[in-house]
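S.K.:
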Amino acid sequence: MSTLLEKIKQLSAELTPETLANRHHIHANPELSYQEFQTQAYVLQQLEQMGIQAKKIATTGLIAEIKGKNPDKKVVALRADMDALPILETNDVPYKSKNPGVMHACGHDVHTASLLGTAHILQQVRDEFEGTIKLLFQPAEEKAPGGASIMIQEGALQNPTPASIYGQHVATNVPVGKIGFREGMYMASTDELYLKVIGKGGHGAMPDACVDPIVIASHIIVAMQQIISRNKNPKLPSVLTFGKIEGLGATNVIPDEVNIAGTFRAMDETWRAEGLEKMKKLAEGIADAMGGRAEFEVLKGYPFLQNNPELTRRSKAAAIEYMGADNVVDLDLWMAGEDFAFYTHHVDACFYRLGVRNEERGITSGVHTPGFDIDEGALGIGPGLMAWLVVKELEA
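Numbering-wise, the sequence shown is residues 1 to 396 according to UniProt numbering.
Right, dumping it as structure tokens:
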């Protein structure tokens, strides 16, 4: 296997200019969630040039297979997301977005280019491994219900069913040249909360003739935090944040209603359901007791992301073989959301991080910011590493 390891590293290095060109094209031509038609066509063209046949799925997604020797022995899937964000890019680079107000600010251009590189490597070494590798180029990670859920509904994890799946994501807090892993729970479920508190408006000097929805809303917001601190198992991470309150009254006007919006994050699906139900009952109960009415709406988002411990341990060991122990780090819990989580509730999964930060070169902007970019040295690592991880996992 050491010979194959060196071959993969050599192919990764030789293909780096191609990987960079793919990243630059995708970055310069970003498309929003569920609108990735040009990206889909570009990726399809690149795959066909490698001799890999792909088929469309989830409208703007693609699925393909690379068959090694004895293709029925084992199947492992690899996923990359392809959508961009509604952000105006401020970077002054040759590959700057040509679509004003749309930008690859979360690294999906990197993920897609890297998986194309991985596919090219694996296609060239397919006579040196057993099993089948399934490629998932997924749309719409950034927008509910999430492209992953649609891919699954349309059969991405069937015919053949993978034993496991890998996802790779840029990490702006991890230096370029390093890779991060975490076993077990890693990222949070994400639900959007919309609460309307309805009272009776009137003159600010005559509150006795009104039902003040601002006061009711204030009680609800404070009381809901006690659900997190008093009802949740303290061993389970969870976050409740209300980031928007809209009353539209005035200094002397009590409004008829108050609208509140927030987010609920959890790392356990049972607690997620319980917490949402408690919030609904509490909001409605407080509003009723104070003479008003509350309408509580939940836009269900993604489940929490769980990395299979055994798969992640094997993958970390393989990464150490490829990168060296000093370049493989442990990750902390992260309360952000990611629709790769849907896959993790169907098959064993490993979602790991590719370091892209370079403080010396000023590449430090976080994801979802107009100045996001990467140290492209990461694209000399990502394709070969993922190829090595999947080859090792097919052996496991």
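For every residue, glycine included, the Cβ atom is placed at its ideal position computed from N, Cα and C.
With a threshold of 8 Å, are at least 3 pairs of Cβ atoms found where one atom belongs to the stretch 130–147 and the other to the stretch 64–82?
M.R.: The stretch 130–147 vs the stretch 64–82: in contact.
S.K.: Leaving out five residues before and five after ALA156 in sequence, what residues of the same chain have Cβ atoms less than 7 Å from its Cβ?
M.R.: These residues qualify, in order along the chain: ILE57, ILE63, LEU136.
S.K.: So, under 8 Å CB-CB, LYS278 and ASN231 are touching, yes? Tell me the CB distance rounded to an integer number of Å.
M.R.: With a Cβ gap of about 6 Å, LYS278 and ASN231 count as contacting.
S.K.: Taking the alpha carbon of ASP288 as the reference point, which residue from ILE150, GLY366, ARG79, ILE216 has its own alpha carbon closest?
M.R.: Comparing Cα positions, the closest option is ILE216.
S.K.: Which class does ASP326 belong to by DSSP, given the choice of helix, strand or coil?
M.R.: Of the three classes helix, strand and coil, the one that applies to ASP326 here is helix, per DSSP.
S.K.: Which residues share a DSSP beta bridge with ASN259?
M.R.: Answer by DSSP bridge pairing, in chain order: LYS196, GLU246.
S.K.: Quick test of the definition: if touching needs 3 or more C-beta pairs under 8 Å, does the stretch 159–174 touch the stretch 75–95?
M.R.: Segments in contact, yes.
S.K.: Going by alpha carbons, who is nearest to CYS210 out of ARG357, HIS368, GLY291?
M.R.: When only C-alpha atoms are compared, the closest one is GLY291.
S.K.: For the 8 Å Cβ check, are there 3 or more pairs between the stretch 190–198 and the stretch 311–319?
M.R.: Touching, no.
S.K.: Take the Cβ of HIS368 as the centre, count every other Cβ of all protein chains shown within 10 Å, and call the residue buried at 16 or more, exposed below.
M.R.: Exposed is the call here.
S.K.: In or out: GLY324 buried (at least 16 other Cβ within 10 Å) or exposed?
M.R.: The residue is exposed, with fewer than 16 neighbouring Cβ atoms inside 10 Å.
S.K.: Grouping DSSP H, G and I as helix and E and B as strand, with all else coil, what is ASP127?
M.R.: Of the three classes helix, strand and coil, the one that applies to ASP127 here is helix, per DSSP.
S.K.: Are there 16 or more other CB atoms within 10 angstroms of the CB of GLU360, so buried, or fewer, so exposed?
M.R.: GLU360 is exposed by the Cβ-count criterion.
S.K.: Please report the distance separating the alpha-carbon of GLN49 from that of GLN123.
M.R.: The straight-line gap from Cα to Cα measures roughly 11 Å.
S.K.: Between ASN91, GLU257, GLN138, THR112, which has its C-alpha nearest GLY61's C-alpha?
M.R.: Among ASN91, GLU257, GLN138, THR112, the Cα nearest to that of GLY61 is on GLN138.
S.K.: Thinking C-alpha only, which one of PRO160, SER238, SER114, ASP348 is nearest residue 398?
M.R.: The structure shown has nothing for residue 398, since the chain only spans 1 to 396.
S.K.: Taking only the alpha-carbon atoms, compute the straight-line gap between ILE363 and ILE320 and give it to the nearest angstrom.
M.R.: Computed Cα separation, rounded: 25 Å.
S.K.: Is DSSP giving ASP268 helix, strand or coil here?
M.R.: Looking at ASP268 - three-state DSSP - the assignment turns out to be coil, as it is neither helix nor strand.
S.K.: Taking Cβ to Cβ, would you say LEU116 is nearer than 8 Å to GLN38?
M.R.: Cβ atoms of LEU116 and GLN38: not closer than 8 Å.
S.K.: For the alpha helix (DSSP H) holding PRO213, just list the boundary residues, first then last.
M.R.: Start and end: 213–226.
S.K.: Verify whether the separation of the beta carbon atoms of SER97 and HIS27 is less than 8 Å.
M.R.: Yes, the Cβ-Cβ distance between SER97 and HIS27 is below 8 Å.
S.K.: Note down the Cα distance separating ALA266 from LEU379, rounded to an integer number of angstroms.
M.R.: Approximately 32 Å between the Cα atoms of the pair.
S.K.: The beta strand (DSSP E) spanning VAL298 covers which residue range?
M.R.: Note, VAL298: beta strand (DSSP E), 293–299.
S.K.: If THR344 sits next to LEU305, beta carbons under 8 Å apart, how far is it from one beta carbon to the other, in whole angstroms?
M.R.: Rounded, the Cβ-Cβ distance is 5 Å, consistent with contact.
S.K.: Can you grab the Cα-Cα spacing for the pair GLU31 / VAL174, in whole Å?
M.R.: Those two C-alpha atoms are separated by around 27 Å.
S.K.: Buried or exposed: which applies to ASN22, given that a residue is buried once 16 or more other Cβ atoms fall within 10 Å of its Cβ?
M.R.: So ASN22 ends up on the buried side.
S.K.: Just to check my reading of the structure: LEU4 and PRO383 have Cβ atoms closer than 8 Å, yes? What is that Cβ distance to the nearest angstrom?
M.R.: At roughly 15 Å, the Cβ-Cβ gap does not stay under 8 Å, so LEU4 and PRO383 are not in contact.
S.K.: Using a threshold of 8 Å, state whether the C-beta atoms of MET224 and LEU240 are closer than that.
M.R.: Result yes, Cβ atoms of MET224 and LEU240 sit closer than 8 Å.
S.K.: I need the straight-line Cα distance from MET151 to LYS7, nearest angstrom please.
M.R.: Distance between the alpha carbons of MET151 and LYS7: 33 Å.
S.K.: Are TYR322 and LEU394 touching if we call contact CB-CB under 8 Å?
M.R.: Going by C-beta atoms, TYR322 is not nearer than 8 Å to LEU394.
S.K.: Alpha carbon to alpha carbon, how far is ARG353 from SER229?
M.R.: Approximately 31 Å between the Cα atoms of the pair.
S.K.: Judging by CA-CA distance, which residue of GLY377, ALA13, ALA294, GLU376 is the nearest neighbour of ASP256?
M.R.: That would be ALA294, whose Cα lies nearest to the Cα of ASP256.
S.K.: Ends of the alpha helix (DSSP H) at THR60?
M.R.: It is not in any alpha helix (DSSP H) - THR60 carries neither H nor E in the DSSP assignment.
S.K.: Just confirm the distance between the C-beta atoms of GLY355 and LYS178, as a whole number of angstroms; I'd bet it's less than 8 Å.
M.R.: GLY355 to LYS178, Cβ: 4 Å. Contact.
S.K.: Opposite ASN358 in the DSSP bridges: which residues?
M.R.: In DSSP, ASN358 forms a bridge with ILE363.
S.K.: Sort PHE372, VAL391, ASP92, TRP388 by Cα distance to ALA171 and report the nearest one.
M.R.: With distances taken between Cα atoms, ALA171 lies closest to PHE372.
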